[in-house]
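Those sequence lines, one after another, are chains A and B.
1 is the number of the first residue of the first sequence in the working numbering; add one for each residue after it.
276 is the number of the first residue of the second sequence in the working numbering; add one for each residue after it.
Using N, Cα and C, we set each Cβ at its ideal position, and we do this for glycine too.
Here the structure is a predicted model, which is why all the values come from computation and not from measurement.
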Amino acid sequence: MSKLNQNLRYLFFTIPAIIYIGVFAFYPSFDAIYLSFLNNAGHFTLNNYKELFYFNIYGTILNTIIVTVGALLIQLFLGLGIASILTREFRGKKAFSTLAIIPMGVATIVAAITFSFIFQTTGGYANSFLHFLHLPTVNWYANTWISLLVVMISDSWKNTPIVTLILLSGMMSIPKDLYYAAALDGAGPIRRFIHITLPNLKSFIAIALIIRGVSEFNIFALPLVLIGYHPPLLTTLAYELYSTTTIYLSAAAAVILLAFISVLIFVNIKIGGRR
Amino acid sequence: MKFGYIAVIIFSIYFLLPLYILVMIAFSPAKYTIGSLYPPLTFKAFTLNNLIYAFTQYDFLHPFIKSLSVATLVGIMGLALGIPAGYGLSRLPGRIAYPILVLLLITNMIPGIVVAIPISAEFIRLHLFDTIPGLALVQELITLPLATFIIQGTFSAIPREIEYQARIDGASTLSYFKNVLIPSALPGIVSAFLISWMFSWDEFTYAVIISPIHPTLPVEIYLNITRGNELAAVAFSLVFTIPVIILTLFLQKYLKGEYLAGGVKA
């Protein structure tokens, strides 16, 4: 069998999966774009996009970006800390690494409901704790900023383990000799972290940011439970429009989300290609 | 390392705290939890009444069966599509395999809500809306890339010489798959199935749009919380979470950074 024939044979095995993806991912995506330009009578229109301005689309986009950036920063900070701990040997390391993965096993909806009990304005556990410390309690839904912060914190609990795992696999790949040499030269742990760990971890941080960034943009169940439709995010707005108005209008909101994700996918492939 | 241990303890509390609160609400009388202005941070009393009430007054069984059926179907379809795809990708040269892997990766990134809205319209027409196969077909989008990456990884570890040897001995592709490839990659294949199962079990976005009338468990939990049946939501959450945490710990080995990062090895 020639090399080409053989490759064709192997390619043949991947065809069912590729067809599946075409039918259930790419066709609906184009369908969404198509639907977003239709009105109820099935004619071409730009009205759906114009109408989105009544629903404060700029504010919605801004909220989505704020949640994404904020949640990424929290997860990166915590992930770096936890991964650094897990690269060392200590008693109870196995138990700790098991604990550190547990939130991954908790469904998003369960995490959302649990955090809704924590951040209730009356009868919430966060306020209970503040009260216990004799500190003033907080209205967690007083304004957009604090509501978005609640979403970021709750989401970070659930997703920090993924960031930790990605960063940990990066830290494991850094040669130990570098650290020994730096230690001999008198570099302390903080300087070793800044001058060895961070530069060597760059591409892993980039992967973690892009993978989580895409997911943060798509964040849905958690804000739906915690803050409902106010302040809106791109996903909750699309869902609200889907359940209350027309499929065409909700498709327009979804397409705006898709546009942002497409940029992130493009960046991802660029970074992926360089590796 | 003293400082390290303090960090370990703080992080451990951080990871366990929400689960502790969930368990506390589930097993405490409501007057100490959701009925209290400043609910106590420690257990005050123990009761099973919340759970008994939730499971007798609200429908747990139907959503449970739906979640179970959909997740199992998603797992099976993941293998049906993922085993051949994983095999093909593990044998193709990088310049052909890589674009296909990128295609899978992109699929994983397309927003659920973008895909779900037009599909719901199509499914109503095709009578797949609110059905078990319909939801499973859509949820497969999340799990297929992951399943394929895991299976491809385990197949790559099997030397090609074994395949050539099997061919020389006259084995057909099918018998090579059945007698050699699949048995030696079994741990990876089982993990791919279980991880697919787990992702479908947890999935919310597609479920709430494609299957809102006969919901899966996550959607049922959400509906209960919006209707104010908080104790039912907590009780269902607890029962719903325990098997997944056990599975997660069991599958720890396969939940590696590189698979989660989309399988493209860094």
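Please work out which residues of its chain come closer than 7 angstroms, Cβ to Cβ, to residue i, disregarding the five sequence neighbours upstream and downstream, and give them in chain order.
i        : result
ARG275/A : Per-residue confidence for ARG275/A stands at a pLDDT of 48, beneath the threshold of 50, marking its modelled position as unreliable; the derived number appears in the next sentence. Excluding sequence neighbours, ARG275/A sits near SER203.
TYR529/B : ILE425, SER466 and ILE470
LEU403/B : GLY409
LYS319/B : SER303 and TYR307
ALA238/A : SER250, ALA253, ALA254 and LEU257
GLN120/A : none
ALA206/A : ILE271
PHE339/B : LEU492
Report yes if the C-beta distance between residue i and residue j is below 8 angstroms; otherwise report no.
i        : j        : result
LEU419/B : GLY503/B : no
PRO493/B : ALA107/A : yes
TYR276/A : ASN56/A  : Any property of residue 276/A remains undetermined from this structure, which presents chain A solely from 1 to 275.
LEU72/A  : GLU216/A : yes
PHE310/A : PRO359/B : Nothing can be reported for residue 310/A, as the shown portion of chain A is limited to 1 through 275.
PHE90/A  : GLY279/B : yes
THR423/B : ALA100/A : no
ILE196/A : LEU167/A : no
ALA208/A : VAL263/A : no
ILE485/B : ALA391/B : yes
LEU378/B : ILE21/A  : yes
MET104/A : PRO28/A  : no
LEU316/B : PHE129/A : yes
ILE388/B : THR480/B : yes
Just mark residue i as buried or exposed, buried being the case when its beta carbon has 16 or more other beta carbons within 10 Å.
i        : result
GLY463/B : buried
GLY538/B : Note that GLY538/B scores 37 on pLDDT, short of 50, meaning its location in the model is unreliable; the coordinates nonetheless yield the value given after this. With 16 or more other Cβ atoms within 10 Å, it is buried.
ARG366/B : buried
MET384/B : buried
GLU415/B : buried
PRO329/B : Note on residue identity: the sequence assigns Ala, not Pro, to residue 329/B. Buried is the call here.
GLY427/B : Reading off the sequence, residue 427/B comes out as Gln, not Gly. The residue in question, GLN427/B, is buried, as its Cβ has 16 or more Cβ neighbours within 10 Å.
GLU505/B : buried
ARG191/A : exposed
ARG370/B : exposed
SER214/A : A quick correction: the sequence has Val, not Ser, at residue 214/A. So VAL214/A ends up on the buried side.
ALA142/A : exposed
SER173/A : exposed
ASP477/B : buried
VAL23/A  : exposed
LEU145/A : Sequence check: residue 145/A is Trp here, not Leu. Classification of TRP145/A: exposed, given that the 10 Å Cβ count is below 16.
PRO386/B : buried
PHE117/A : buried
ILE375/B : buried
LEU449/B : exposed
THR331/B : exposed
LYS158/A : buried
By Cβ distance, which residues of its chain are closer than 8 angstroms to residue i, with the 5 residues on each side in sequence left out?
i        : result
SER311/B : none
ALA446/B : ASN454 and VAL455
ILE109/A : ALA221 and VAL225
PHE193/A : SER84
SER2/A   : none
GLY70/A  : LEU148, LEU149 and MET152
SER156/A : ALA71, ILE74, GLN75 and LEU78
PHE321/B : PHE302 and SER303
GLU51/A  : LEU249 and ALA252
ARG435/B : ARG366
ARG47/A  : It should be pointed out that residue 47/A corresponds to Asn in this sequence rather than to Arg. Contacts found: ASN39.
Quick one: residues in its chain with C-beta nearer than 6 angstroms to the C-beta of residue i, no 5 flanking neighbours on either side, listed in chain order?
i        : result
LEU8/A   : none
ILE300/B : THR308 and VAL509
PRO223/A : VAL151, LEU233 and THR236
THR429/B : ALA460 and GLY463
TYR333/B : ALA507
LEU11/A  : none
Taking 8 angstroms as the CB-CB cut-off, is residue i touching chain D?
i       : result
SER29/A : Among the protein chains in the structure shown, which are A and B, there is no chain D.
Unbroken stretches of the alpha helix (DSSP H), 4 residues or longer, contained in the stretch 196 to 228 of chain A: List check, alpha helix (DSSP H) in window: 198 to 217 and 221 to 226.
contact_flag[the stretch 32 to 44 of chain A, the stretch 243 to 260 of chain A] where n(CB pairs < 8 angstroms) is 3 or more: Verdict: yes, contact present.
Inter-stretch contact (C-beta, 8 angstroms, three-pair minimum) for the stretch 130 to 138 of chain A and the stretch 80 to 87 of chain A: Judged by Cβ distances under 8 angstroms, the stretch 130 to 138 of chain A makes no contact with the stretch 80 to 87 of chain A, as fewer than three pairs qualify.
Segments of 4+ residues assigned as alpha helix (DSSP H) that fall wholly inside the stretch 160 to 187 of chain A: The stretch 160 to 187 of chain A contains, as complete alpha helix (DSSP H) runs of 4+ residues, the segments 176 to 184 (chain order).
Sufficient close CB pairs (3 or more, under 8 angstroms) joining the stretch 80 to 100 of chain A to the stretch 504 to 520 of chain B: No contact exists between the stretch 80 to 100 of chain A and the stretch 504 to 520 of chain B.
Complete runs of the alpha helix (DSSP H) confined to the stretch 298 to 360 of chain B [at least 4 residues]: For the stretch 298 to 360 of chain B, whole alpha helix (DSSP H) runs of length 4 or above, ordered along the chain, are 324 to 332.
Cβ pair count under 8 angstroms reaching 3, the stretch 339 to 355 of chain B against the stretch 482 to 501 of chain B: In this structure the stretch 339 to 355 of chain B lies against the stretch 482 to 501 of chain B, because at least three pairs of beta carbons, one per stretch, are closer than 8 angstroms.
Runs of beta strand (DSSP E) wholly within the stretch 376 to 441 of chain B (minimum 3 residues, chain order): For the stretch 376 to 441 of chain B, not a single whole beta strand (DSSP E) run of length 3 or above is found.
Inter-stretch contact (C-beta, 8 angstroms, three-pair minimum) for the stretch 390 to 399 of chain B and the stretch 435 to 446 of chain B: In short, these stretches do not touch, since the Cβ pair count stays below three.
Three CB pairs or more closer than 8 angstroms across the stretch 468 to 482 of chain B and the stretch 518 to 526 of chain B: Three or more Cβ pairs drawn from the stretch 468 to 482 of chain B and the stretch 518 to 526 of chain B lie within less than 8 angstroms of each other, which places the two stretches in contact.
4-residue-minimum alpha helix (DSSP H) runs that sit fully inside the stretch 65 to 147 of chain A, ordered along the chain: The qualifying runs are 93 to 101, 108 to 118 and 125 to 132.
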